[in-house]
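Be aware that the sequence shown starts at 237, since it is given in the numbering used here, and climbs by one per residue.
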Amino acid sequence: MCVSNRGSKIKNMFFLFEFTIMQAIVYPAGSHCPPHCPPLYPCRFSINVGHDSDNIALHFNPRFDENVIVCNSLSGGSWGEEYREGSLSFNRGEECKFYINFTMEYFFIKLPDGSTMSFPNRLGDIKYKFFEVHGDARIVGIKIK
Numbered sequence: 237m238c239v240s241n242r243g244s245k246i247k248n249m250f251f252l253f254e255f256t257i258m259q260a261i262v263y264p265a266g267s268h269c270p271p272h273c274p275p276l277y278p279c280r281f282s283i284n285v286g287h288d289s290d291n292i293a294l295h296f297n298p299r300f301d302e303n304v305i306v307c308n309s310l311s312g313g314s315w316g317e318e319y320r321e322g323s324l325s326f327n328r329g330e331e332c333k334f335y336i337n338f339t340m341e342y343f344f345i346k347l348p349d350g351s352t353m354s355f356p357n358r359l360g361d362i363k364y365k366f367f368e369v370h371g372d373a374r375i376v377g378i379k380i381k
């Protein structure tokens with residue numbers, strides 16, 4: 237349980253995402269596959285948590301082509317101000333896990349290397365029913381507590 241600044245108890249939600257970041261690489265017949273080959277297209281994926289597609293409390297968007305994690309929120313169909321966290325701590329082709337917890341005030345995201353980042357819960361709710369994943373990642377598993 238988490239206690240808010242108003243003294244009331246709220247339930248702390250927990251999401252665990254396991255991904256394999258996909259690569260699209262083409263090699264000529266008979267060639268040797270060198271390690272760390274660049275993909276043919278920029279690799280991005282996003283995780284959205286919110287009420288519906290027009291009200292997203294957390295848009296978590298790692299961008300390999302920019303080496304950055306972008307977070308934002310969408311309220312009534314309008315995007316808020318982007319937050320950018322530099323340097324990705326995971327690579328294309330690796331299986332990685334993200335842990336997302338949130339309170340009425342913040343989302344707390346534990347990255348695959350164990351570091352954490354936070355993003356304001358701009359919608360300010362403790363329950364969200366909308367969840368989606370887009371982009372160049374294959375979902376291995378999702379656990380919601």
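Idealized CB from N, CA, C, for every residue including glycine.
Between residue 293 and residue 285 a beta carbon distance of about 6 Å is seen, short of the 8 Å cut, so the two are scored as contacting. The criterion of a C-beta distance shorter than 8 Å is not satisfied by residue 362 and residue 353.
Here the alpha carbons of residue 288 and residue 312 stand approximately 10 Å from one another. Between residue 356 and residue 380, the alpha-carbon positions lie close to 20 Å from each other.
Within the stretch 269-322, the complete beta strand (DSSP E) runs of at least 3 residues fall at 281-288, 291-299, 304-311, 319-322. As DSSP reads the structure, residue 352 sits in a beta bridge with 346. DSSP lists 286 as the bridge partner or partners of residue 366. Looking only at 335, 338, 279, 291, the smallest Cα-Cα distance to residue 309 is reached by 291. The C-alpha of residue 366 is placed about 26 Å away from the C-alpha of residue 351. Judged by DSSP in its simplified three-state form, residue 360 adopts coil rather than helix or strand.
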